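In my numbering, the protein residues as written are 881 to 1650.
Positions of the beta carbon are idealized from the N, C-alpha and C atoms, including for glycine.
What you are looking at is a predicted structure, and each value in this text was computed from that prediction instead of being measured.
What follows is one structure encoded as structure tokens, with my remarks underneath.
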């Protein structure tokens, strides 16, 4: 088949069956790939290599491995029972060290010689508390097996908590919650689309196309090897919510063209050409908003940016290539399942929006500056505790019970040069005397006087002394992330540097890592915001071929972003700073489509009337699409907020859902007045003529359907073959008649036998007809 002279649109329509087969293969490959995509729950892995925590983690992995941290509390036990259980836990594969009171107290002596006031950090009122370190990291499968075995050992008499326990539960918890959110989102989206479309089958078609794109995005994540828990949790949800517009644009354009009496293939060609600009602009702004995250120094930004941007690109490809094939395949079903529109006219809403335009504009302008100042003053979290220790999780409940009984516990590890046991002991003793330190355990501090290190088994000494580095375990009475913890960390670091002034030292743990994350991520915020704004503005400028319009369409969206990010400070809500950065890009990229749509409708109406009528008609014609898209995004985001027990995921869902609501309100109520204010700069006299000429050019381009020529050629070949077969049958009949006549003349003129197979004239006619 010759493809010369065929446009891309012609090829999409003519090869739609091949496209369907290619997508089927891609979906199958993606489904098989999904289980092999790793998920990381440790934010410290995304620290730049230049940070002290990242360097310290590399050293720990080389000489000791970076340990997972656990906490165990036993209830209603004696000292001897607790010791017995502690020894069983120590024998579990994957457990490295256990800090308990038997480290410094002989619990087998008479109870009269035990000073219980000195061990009340580890045993009191019949309860025992232990701090654990594991041989491998929190996310290691070996650590996860160890945590499960420890839970079996302690049974109903104890509790297991800590970052290792959180990481063990986190994966199944997030997967289950996200699955429930997706099911709920699909149900609500189906209801919303049913109300806002005019066919019972259209919602099924939309969701099928988006489902294919989501599966492909999840499967192709295998190219990254491993993605973050945030990307895994919100990627599919955001892709579903942000990409639905593309399908709606294409189907509505096709329906409009077909209503003019155009043949389906030609109508689809016109729809693709006319809707490509709006679909491309919407997709490009969303992709740019997400890719801005990829410029963060903190590695989770590139992780989320690439995963989300890839999802939007795959959605665009699926809508532009596969959806035309599915629409043409199921067009009869779409027609048969038509129903009346359930939505009212939004003319009155447009008139109402015009009446309140000035108060809304003044109110928003008064709020923007205070909100811009207040957005960075909220109570933020930065590190892993927002992921692991979230209210509502079993580990969080266990942590609270342990804290109520024995106080908070925060383990840090001091990495110092090995070889100087005297200095190490002096430093450990000074750190251990701090009022907020439970214990500072180094090998030199527990080594009996006069006993050389070489007398102890290597399996014991290797836990604290390596070839080049020694580590001291410091147990602090604080949360992992708080102002007090940051202050304690700085004081302990200062003591370490005083004992080793000319040598490199490190302090490792949740608190030091969170301090590094805070230092990196706060500097990323302004940079990412500026890049996302510039990127979206450039896309809008190219789309509308105007320098002023990007400023106008961004005003309501940026105002909504400022108000959204300032509300945590106004309400006193604790929020994760990472979500604070992400929502700025996501809200901008996902909701700028609302502004672009309303601006397009304003320009169309302005070419036919005055500013007032244009503003009313713009809101009237845009309200349904804006509300449909915004409510879908709100539904999905608030599903995460209400159904996720993980603070980081729920908080991000809350920010995105509230941002979508604010963007909807400000676009419908504030953008019209902005367009009217800048009317003289954005309205071009020949806009209507150019748009009309463009549509005429689109409809004048007739699609080339090589499949029709091929069918005609096949029909001609078949007719020729039928004629040849008929000639051959006639010749065979004539030959048989000639042979019979010749035989009859030679033998005798007798009547032909009754069983002669020579055909009669009627038989010949019947045979010829057949």
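What distance in whole Å lies between the Cβ atoms of residue j and residue i, which are believed to be in contact at a cut-off of 8 Å?
i, j, result
"residue 1654", "residue 1395", "This structure does not reach residue 1654, given that the chain is present from 881 up to 1650, and the question cannot be answered."
"residue 1312", "residue 1350", "That pair is no contact at about 16 Å."
"residue 1485", "residue 1166", "Residue 1485 to residue 1166, Cβ: 26 Å. No contact."
"residue 1055", "residue 1187", "Their Cβ separation, rounded to whole angstroms, is 16 Å, which puts residue 1055 and residue 1187 out of contact at 8 Å."
"residue 1355", "residue 979", "6 Å"
"residue 892", "residue 1204", "6 Å"
"residue 1155", "residue 1130", "5 Å"
"residue 1176", "residue 1108", "Actually they do not touch by this definition, with Cβ atoms about 12 Å apart."
"residue 1499", "residue 1229", "7 Å"
"residue 1386", "residue 1307", "Not confirmed; about 14 Å, so no contact."
"residue 1029", "residue 957", "Their Cβ separation, rounded to whole angstroms, is 19 Å, which puts residue 1029 and residue 957 out of contact at 8 Å."
What do you reckon, are the CB atoms on residue i and residue j nearer than 8 Å?
i, j, result
"residue 845", "residue 1561", "Outside the modelled stretch of the chain, which goes from 881 to 1650, sits residue 845, for which no answer is possible."
"residue 918", "residue 1106", "yes"
"residue 974", "residue 1032", "no"
"residue 1251", "residue 1446", "yes"
"residue 1533", "residue 1524", "yes"
"residue 950", "residue 1040", "yes"
"residue 1257", "residue 1449", "yes"
"residue 1274", "residue 933", "no"
"residue 1519", "residue 1064", "yes"
"residue 1542", "residue 1440", "yes"
"residue 1197", "residue 1159", "no"
"residue 946", "residue 940", "yes"
"residue 1411", "residue 1116", "no"
"residue 1457", "residue 1217", "no"
"residue 1092", "residue 907", "yes"
"residue 1123", "residue 1192", "yes"
"residue 1404", "residue 1178", "yes"
"residue 1538", "residue 1409", "no"
"residue 1283", "residue 1360", "no"
"residue 1416", "residue 1168", "yes"
"residue 1086", "residue 1127", "yes"
"residue 1495", "residue 1474", "no"
"residue 1550", "residue 1506", "no"
"residue 1194", "residue 1096", "yes"
"residue 1554", "residue 1430", "no"
Which word fits residue i, buried or exposed, when buried means at least 16 other C-beta atoms lie within 10 angstroms of its C-beta?
i, result
"residue 1383", "exposed"
"residue 1071", "exposed"
"residue 1615", "exposed"
"residue 996", "exposed"
"residue 1461", "buried"
"residue 1271", "exposed"
"residue 1547", "buried"
"residue 1125", "buried"
"residue 1221", "exposed"
"residue 1110", "buried"
"residue 1588", "Residue placement at residue 1588 is poorly supported in this model, since its pLDDT is 46, which falls under 50; the coordinates still yield a value, given next. Classification for residue 1588: exposed."
"residue 1141", "exposed"
"residue 899", "buried"
"residue 1236", "exposed"
"residue 1605", "exposed"
"residue 1153", "buried"
"residue 1453", "exposed"
"residue 1157", "exposed"
"residue 1510", "buried"
"residue 1099", "buried"
"residue 1400", "buried"
Tell me, which residues are paired with residue i by DSSP?
i, result
"residue 894", "Bridge partners of residue 894: none, in fact."
"residue 1007", "1004"
"residue 1317", "1356"
"residue 1292", "1354 and 1389"
"residue 1456", "1261"
"residue 977", "1013"
"residue 1041", "951"
"residue 1297", "1349"
Does residue i come within less than 8 Å of chain C when only Cβ atoms are used?
i, result
"residue 1131", "Any reference to chain C falls outside this structure, which holds one protein chain only."
Length-filtered (3 minimum) beta strand (DSSP E) runs lying within the stretch 1069 to 1141: Qualifying beta strand (DSSP E) stretches, in chain order: 1106 to 1108.
Starting from the N-terminal side, write out each stretch of the alpha helix (DSSP H) that is 4 residues or longer and does not extend beyond the stretch 1461 to 1498. none
Every unbroken alpha helix (DSSP H) inside the stretch 1132 to 1215 [4 residues or more]: 1144 to 1171, 1180 to 1197 and 1203 to 1209
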